[in-house]
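Reading through the structure tokens given below for one structure.
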Amino acid sequence: MSTAILTGQPVPGSSIEGDLRSLGFDVQVAADAADAERLVAEAPCEQRVALVDARFVGHVHALRLGLTDPRFPLAALPGAVTAQPDGRATLTRALARENSAGGGTALAVDSLPDRIVTALADDGAEVHRPELGSLVAAVPADPQARNEARQAVADVDDEAVRLKSAVKSRDGFFTTYCISPYSRYIARWCARRGLTPNQVTTASLITALVAAACAATGTRGGFVAAGVLLIASFVLDCTDGQLARYSLQYSTLGAWLDATFDRAKEYAYYAGLALGAARGGDDVWALALGAMVLQTCRHVVDFSFNEANHDATANTSPTAALSDKLDSVGWTVWVRRMIVLPIGERWAMIAVLTAATTPRITFYALLVGCAFAATYTTAGRVLRSLTRRAQRTDRAAQALADLADNGPLASFVTRATRARLGAPLLVAAAGTAVLAVSLCSGVTWAPVAGALVYAVTAGQALYRPLKGALDWLVPPLFRAAEYGTVLVLAAQADVKGALPAAFGLVGAVAYHHYDTVYRIRGNAGAPPAWLVRAAGGHEGRTLLVAVLAALLTASQFTVALTVLAVAVALLVLVESIRFWVSAGAPAVHDEGEPA
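Residue numbering for the sequence shown follows this note's numbering, starting at 1148 and increasing by one per position.
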């Protein structure tokens, strides 16, 4: 249990003790600042500690936001400050110094918690201050001010504010108007029954897997059930995040589950549709794999662009200004959000087409829609990059290098070659083009030669930091090259089972790349070097698949793809699970899924 220490003179009729207990705090009362320091020192070191002015007046949800959010070591709001275990030492030092100085840090402030916050700021400590909006949090100085604060509390329904804040401020049209109006109430229902976001996330995954199984039956009834269950899975997918925001139940495990399960659900559903089509005599595995490749590459474009620019200086452009202007006009906001086919619109389209048409038509519509969305978003980002004069940081360049996923072969080329072929993006594009031509040549060993050229250019592309205006396109190019190679060679094998095996291999590798993204987002760096080496890097896997296709018969190639898929999946999953359930994993929350 967390400990809350009330400081200052108690106020008759105040509800602060009850409010704190309702939030799970063990409430203690300090006679003075020295007593508060003693109580903080006596609190178990593994507990959260809060200092709260006894005169505090405000909404319970304001206290919840300020004192219970697990993502921040130190947090404060007017009249209250809190520290998690990893922030306790900083709080203790500030409190001891305040007492030894006799309150000299800010004598004009007679609230001990507020004086401590001032001392923390003077020390350069990072103290989170939640956005309260219309919520009230104040320490009234006199009875009149107290009455006014109480009236302000009565005028605002904090439960309504809490429900509203549980929903993302920026979401797609379908999610905003067709899901969130009722899913927030499902989230509250779950919170009141003690359910956790992780449980809801798991329920969403199970529902999606059942939907995929229904689609795999290949019957019209199965397709209808699959469409309904896919929407139900999406409702739960929205609910888990809303539950986390409603009850502030953030966790590293939850971050990992939320980050990976969306992809697992969607790609498992693609596989279910392909299996269902096969039962009806229609082979759409190439379309299913193509949809997965396109969707994954779209995400890599989003991730790379954001990582390259989120901390860039002089980060402005006329294109960005025009985009911001369009976002100020109501109808253009929704049109622009819908045409990029975000997860809500995409899943709704897939569900409706599954129930009403065939898997082939569903995949055709998905490929056309995602291709248009990818063209629109990538073109806009290219224009922004060309018209802005941003100075990218070393951190951004390192993030792009980590996203590139170069393995031992490319790294050897980087170290061993002295000649520089050109700008990173041009070199990567040239290598990708050579690989693409070799794959379409029809010559057995041409893909092997193309993959060797591609490996050399992959090493050359990272010979210098990726700080060019369009260097963020290098990782997406590598993803398209690797996934496309597996798709084309499996299709050329023209034997039953080759494309499903390729689907499994691309899924395993894509998981590795998503895992890399979320580690970088959490400032945890790339996966360990041994994992990248063991997995071969993108250029190593591309060359290996090309060699296997040239050496083996079609049936043997299918077996080899299957073995490779299982090996990669086991390798990356074991390390990923170990990392994300460890104490050092970052709390990353996907507050706005890119397309």
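C-beta atoms are modelled at their ideal positions from N, C-alpha and C, and glycine is treated no differently.
**Message:** Could you tell me which whole alpha helix (DSSP H) segments of length 4 or greater appear in the region 1200-1246?
**Reply:** At a cut-off of 4 residues, the continuous stretches assigned as alpha helix (DSSP H) that sit fully inside the region 1200-1246 are 1207-1214.
**Item:** residue 1538 in three-state terms, based on DSSP
**Value:** Under the three-state reduction of DSSP output, residue 1538 falls in the strand class.
**Message:** Between residue 1428 and residue 1363, how many whole angstroms is the CB-CB distance? I'm expecting something under 8 Å.
**Reply:** Going by Cβ atoms, the distance from residue 1428 to residue 1363 rounds to 15 Å, so no, they are not a contact pair.
**Prompt:** Buried or exposed: residue 1764, going by 16 or more other Cβ atoms within 10 Å of its Cβ?
**Reply:** This structure gives no information on residue 1764, because the portion of the chain shown stretches from 1148 to 1742.
**Asked** Can you give the Cα-Cα distance for residue 1599 and residue 1423, rounded to whole angstroms?
**Response** Near 38 Å, if we compare the C-alpha coordinates of residue 1423 and residue 1599.
**Request:** Taking all protein chains shown into account, decide if residue 1250 is buried (16 or more other Cβ within 10 angstroms of its Cβ) or exposed.
**Result:** Low confidence applies to residue 1250: its pLDDT is 48, below 50, so where it sits in the model is not reliable enough to give any reading.
**Message:** By the three-class DSSP mapping on this structure, what secondary structure does residue 1174 have?
**Reply:** Secondary structure of residue 1174 (DSSP, three-state): strand.
**Message:** Below 8 Å, how does it come out for the region 1547-1557 and the region 1576-1585: are there three or more Cβ pairs, yes or no?
**Reply:** No contact exists between the region 1547-1557 and the region 1576-1585.
**Prompt:** Can you tell me where the beta strand (DSSP E) with residue 1149 in it begins and where it stops?
**Reply:** Segment 1149-1154, the beta strand (DSSP E) holding residue 1149.
**Prompt:** If you draw a straight line from the C-alpha of residue 1658 to the C-alpha of residue 1445, how long is it?
**Reply:** Here the C-alpha atom of residue 1658 lies approximately 14 Å from the C-alpha atom of residue 1445.
**Request:** Could you have a look at residue 1288 and say whether DSSP puts it in helix, strand or coil?
**Result:** Reduced to three states, the DSSP call for residue 1288 is coil.
**Prompt:** How many Å lie between residue 1636 and residue 1510 at the Cα?
**Reply:** Straight-line Cα distance between these residues: approximately 20 Å.
**Prompt:** Whose C-beta lies closer than 8 Å to the C-beta of residue 1157 among residues of the same chain, with five residues either side of it excluded?
**Reply:** Only residues of its own chain outside the window of five on either side were considered, and among them 1176, 1201 have a CB closer than 8 Å to the CB of residue 1157, listed in chain order.
**Message:** Can you look up residue 1745 in the DSSP assignment and give me helix, strand or coil?
**Reply:** Nothing in the structure corresponds to residue 1745, since the chain is present only between 1148 and 1742.
**Prompt:** Per the contact definition of three or more C-beta pairs closer than 8 Å, is the region 1267-1285 in contact with the region 1204-1214?
**Reply:** Contact between the region 1204-1214 and the region 1267-1285 is present, because at least three Cβ pairs lie under 8 Å.
**Prompt:** Along the chain, where does the alpha helix (DSSP H) that runs through residue 1703 open and close?
**Reply:** Its alpha helix (DSSP H) spans residues 1701-1727.
**Asked** So residue 1675 and residue 1663 are in contact, right, with Cβ under 8 Å, and what is the actual spacing, rounded?
**Response** In this structure, residue 1675 and residue 1663 do not form a Cβ contact; the two beta carbons are roughly 11 Å apart against a cut-off of 8 Å.
**Message:** Using only CA atoms, which one of 1274, 1214, 1681, 1218 lies nearest to residue 1237?
**Reply:** Residue 1237 has its Cα closest to that of 1274, out of 1274, 1214, 1681, 1218.
**Request:** Determine the DSSP secondary structure at residue 1275, reduced to helix, strand or coil.
**Result:** It is a strand residue.
**Request:** With distances taken Cα to Cα, identify the nearest neighbour of residue 1160 among 1653, 1709, 1297, 1182.
**Result:** Nearest C-alpha to residue 1160 among 1653, 1709, 1297, 1182: 1297.
**Prompt:** Once you ignore the five residues that flank residue 1612 on each side, which residues in its own chain have a CB closer than 6 Å to its CB?
**Reply:** Contacts found: 1544.
**Request:** Assuming residue 1708 and residue 1645 form a contact by the criterion Cβ under 8 Å, report the distance between their Cβ atoms to the nearest whole angstrom.
**Result:** A Cβ-Cβ distance of about 7 Å is found for the pair residue 1708 and residue 1645, placing them in contact under the 8 Å criterion.
**Asked** Taking Cβ positions, are residue 1561 and residue 1601 nearer each other than 8 Å?
**Response** No. Outside cutoff.
**Asked** How about the region 1308-1315 and the region 1368-1375: do they share at least three Cβ pairs that are nearer than 8 Å?
**Response** Two segments are said to touch when three or more pairs of C-beta atoms, one from each, lie closer than 8 Å; by this definition the region 1308-1315 does not touch the region 1368-1375.
**Message:** Taking the straight line between their C-alpha atoms, what separation do you get for residue 1604 and residue 1557?
**Reply:** Residue 1604 and residue 1557: Cα-Cα distance of roughly 8 Å.
**Request:** Could you tell me the distance, in whole angstroms, from the CA atom of residue 1559 to the CA atom of residue 1395?
**Result:** So the alpha carbons of these two residues sit roughly 47 Å apart.
**Prompt:** Can you tell which of 1212, 1441, 1402, 1327 has the C-alpha that lies nearest to the C-alpha of residue 1516?
**Reply:** For the residues 1212, 1441, 1402, 1327, the minimum Cα distance to residue 1516 belongs to 1441.
**Asked** Three or more C-beta pairs closer than 8 Å, one from the region 1337-1346 and one from the region 1382-1397: is that the case here?
**Response** By the Cβ test, the region 1337-1346 is in contact with the region 1382-1397, since at least three Cβ pairs between them sit closer than 8 Å.
**Item:** Exposure label - residue 1267; buried when at least 16 CB within 10 Å
**Value:** When all chains shown are included, residue 1267 counts as buried.
**Presumed contact (8 Å Cβ cut-off) between residue 1457 and residue 1552, rounded CB distance** = That belief does not hold up - the Cβ atoms of residue 1457 and residue 1552 are roughly 20 Å apart, past 8 Å.
**Request:** Assign residue 1342 to one of three DSSP states: helix, strand, or coil.
**Result:** Three-state result, residue 1342: coil.
**Message:** Extract the residue ranges of the alpha helix (DSSP H) inside the region 1296-1371, only unbroken runs of 4 or more that lie entirely within it.
**Reply:** Segments of the alpha helix (DSSP H) lying fully in the region 1296-1371: 1305-1312, 1327-1339, 1344-1363.
**Message:** Buried or exposed for residue 1193, going by 16 or more other Cβ atoms inside 10 Å?
**Reply:** So residue 1193 counts as exposed.
**Prompt:** Per DSSP, what kind of secondary structure is residue 1253 in: helix, strand or coil?
**Reply:** Note that residue 1253 has pLDDT 38, beneath the 50 cutoff, so the model's placement of it is unreliable and no number is given.
**Request:** Using 10 angstroms around the beta-carbon of residue 1643, count the other beta-carbons present and answer buried if the total reaches 16, otherwise exposed.
**Result:** Burial call: exposed.
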